[in-house]
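Visitor: Input: one structure, supplied below.
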Amino acid sequence: MTELIDGNAVAEQIRTDLQDSIETLADAGVRPGLATVLMSDDPASETYVSMKQRDCEEVGIEGIHVEIDEDAPAQELYDTIDDLNADPEVHGILVQMPVVEQVDKRRVLRSVDPEKDVDGFHPENVGRLVAGDARFKPCTPHGIQKLLEHHGVETEGAEAVVVGRSDIVGKPMANLFVQKEPLGNATTTVCHSRTADLAAHTREADIVVAAAGVPEMIDGEMLKEGATVIDVGINRVDADTEKGYELVGDVDFESAKETAGAITPVPGGVGPMTRAMLLYNTVKAAGAQQGVDVEL
Ligand code: NDP
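Here the sequence shown is numbered in my numbering, starting from 8 and rising by one per residue.
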C-alpha cells in the first residue's frame with residue numbers, strides 16, 4: 008500500500024506546536040510580527056500573500072501588509088524594506104517574489120535584515136545554511152524535512168535526488184540533505200534541465216524531490232519501487248473546470264503511486280508545509296530578536 012503523505016495534517020500539527028512558543032512570547036510581552044510586501048498585480052502572488060496573512064491571523068502572529076503600486080519606482084520598495092528593518096514590531100519580512108522588472112532582485116534579497124529574513128534568502132543566511140549553521144531554513148525545503156521526519160523516512164544513507172536547482176527549492180533542499188545532521192546525511196544528486204538522463208538518476212533514488220515546474224514529468228516508470236516521492240510542483244494546466252484550469256504537480260500521481268512507497272499529493276502536500284514553516288521562522292525570529300527562548 009502506498010502511503011499518502013498528508014501535508015495539511017502535518018502543517019496543522021506544526022501550527023498547534025507553535026502555540027507554546029507564541030504563548031512564551033506573549034508572557035514576555037511580545038507578539039510576533041510578519042510583514043509581507045507585494046509589488047505586483049499578479050493574481051497568483053496576491054493569493055499567496057493573502058493566504059500568508061490569513062495564516063498569521065489564525066495562529067496569533069501580527070500580520071502587516073504593505074502593497075506598492077507595480078508601476079512605482081523601485082526605490083519605493085527599497086525604502087519600504089528599510090522602514091520595516093527599523094520597525095521593532097516587525098520580526099519577519101517577506102517580499103513576495105517574483106519582483107517586477109524595474110526592481111533589482113539581488114538588491115532586495117541583500118537589503119532585508121538577515122535577522123528578519125524569514126525566507127532565508129539573504130546571502131548571509133544562504134551561507135550559514137551551507138555551512139551547517141542555519142539561522143532560518145528556507146520554508147519549502149524545511150517543510151519537506153518536517154514531512155519526511157513525521158513520516159519516519161530515513162535520510163541517513165539514503166540516495167536522494169532533487170530535480171531542480173532553484174535558489175528557493177532545489178539548492179537549499181540539496182544543501183539540507185547533505186548536512187551532517189539529523190534529516191541530512193543523504194547521498195544527494197541534483198538534476199536540472201541539462202541533466203543527460205534524468206530517469207537514470209531518479210530510478211536509483213530512495214527519495215525524489217521534484218521541483219522543476221514541469222507538469223507531471225515524473226511518472227512511475229522513472230521511480231524505484233518503494234521510493235518516497237515529494238512533489239513540490241504547482242502547475243496550472245487547462246482543464247474542464249469552473250476556473251478553466253486545475254493544479255497538478257511535477258509528478259504524474261496516478262502512475263507514480265503504483266511504484267512509490269509514499270507520495271505527497273498536489274494540492275495538499277508540500278504547499279501547506281511551506282506556509283507553516285513561514286510561521287515557524289517568524290516565531291523563531293521574534294524569539295531571537297527579543298531574547299526569548301522559544302525552543303525552535
Ligand atoms: P524554477 O523555475 O526557479 O526552477 C526549476 C528548476 O527545474 C530549474 O533548476 C530547471 O533547470 C529545472 N528543470 C526544468 N525543466 C526540467 C526538466 N525537464 N528536467 C529536469 N530539470 C528541469 O522553479 P522553482 O524551484 O521556483 O519551483 C519549482 C516548482 O515548484 C514550480 O512548479 C513552483 O510553482 C513550485 N513551488 C512550489 C512551492 C510549494 O510550496 N509547494 C514553493 C515554491 C515553488 P535549469 O536550472 O537548468 O533551468
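Every residue, glycine too, gets a C-beta built ideally from N, C-alpha and C. Treat the numbers as computed from the prediction; the structure is a model and nothing was measured.
Could you confirm whether any beta carbon from chain D is found closer than 9 Å to the beta carbon of Gly99?
Guide: No chain D appears in this structure, which consists of one protein chain only.
Visitor: Assess, as a yes-or-no matter, whether the region 88 to 105 is touched by the region 121 to 136 under the definition of 3 or more beta carbon pairs within less than 8 Å.
Guide: Enough Cβ pairs lie closer than 8 Å, so yes.
Visitor: Around the Cβ of Ser200, are there at least 16 other Cβ atoms within 10 angstroms (buried) or fewer (exposed)?
Guide: Taking the sequence shown and counting its residues from 1, one reaches residue 200 at position 193. Exposed is the call here.
Visitor: Are the beta-carbon atoms belonging to Lys291 and Val301 less than 9 Å from one another?
Guide: By one-based count along the sequence shown, residue 291 stands at place 284. By one-based count along the sequence shown, residue 301 stands at place 294. Yes, they are a contact pair.
Visitor: Could you tell me if Val216 is buried or exposed, where buried requires 16 or more neighbouring beta carbons within 10 angstroms of its beta carbon?
Guide: The count along the sequence shown starts at 1 and reaches residue 216 at position 209. When all chains shown are included, Val216 counts as buried.
Visitor: Any idea what DSSP makes of His158, helix, strand or coil?
Guide: As a first step, residue 158 is located in the sequence shown; it is residue number 151 there, counting from the start. Residue state, collapsed to three classes: coil.
Visitor: Helix, strand or coil: how does DSSP classify Ala138 here?
Guide: Within the sequence shown, the letter at position 131 stands for residue 138. Coil, per DSSP.
Visitor: Please specify which runs of the beta strand (DSSP E), each continuous and at least 3 residues long, are wholly inside the region 80 to 147, giving them in chain order.
Guide: Qualifying beta strand (DSSP E) stretches, in chain order: 99 to 102.
Visitor: On a CA-only basis, which of Ser118, Ile12 and Pro121 is nearest Ile151? Give me that one, please.
Guide: Within the sequence shown, numbered from 1, the residue matching residue 151 stands at position 144. Comparing Cα-Cα distances from Ile151 to each of Ser118, Ile12 and Pro121, the minimum goes to Ile12.
Visitor: Let me make sure I understand the geometry here. Which of Gln60, Val258 and Gly159 has the alpha-carbon closest to that of Thr43?
Guide: Numbered from 1 along the sequence shown, position 36 holds the residue referred to as residue 43. Comparing Cα-Cα distances from Thr43 to each of Gln60, Val258 and Gly159, the minimum goes to Gln60.
Visitor: DSSP on Gly150, reduced to helix/strand/coil?
Guide: Reading the sequence shown from its first residue, position 143 is the one you call residue 150. In this structure, Gly150 counts as helix in the three-state DSSP scheme.
Visitor: Taking Cβ to Cβ, would you say Val170 is nearer than 9 Å to Leu205?
Guide: If you number the sequence shown from 1, residue 170 lands on position 163. If you number the sequence shown from 1, residue 205 lands on position 198. Yes.
Visitor: Please find out if some non-hydrogen atom of the ligand NDP comes closer than 8 Å to the beta-carbon of Val137.
Guide: What you label residue 137 is simply residue 130 of the sequence shown in a count that begins at 1. No, the Cβ of Val137 stays beyond 8 Å of every heavy atom of the ligand NDP.
Visitor: What first and last residue would you give for the alpha helix (DSSP H) that runs through Glu64?
Guide: The sequence position of residue 64 within the sequence shown is 57, counting from 1. Glu64 -> alpha helix (DSSP H) spans Pro50 to Val66.
Visitor: Would you report the Cα separation of Thr54 and Pro105, rounded to the nearest angstrom?
Guide: As a working note, residue 54 is residue 47 in the sequence shown. As a working note, residue 105 is residue 98 in the sequence shown. Cα to Cα, Thr54 sits roughly 13 Å from Pro105.
Visitor: Which residues share a DSSP beta bridge with His72?
Guide: Looking up residue 72 in the sequence shown gives position 65. Per DSSP, Thr43.
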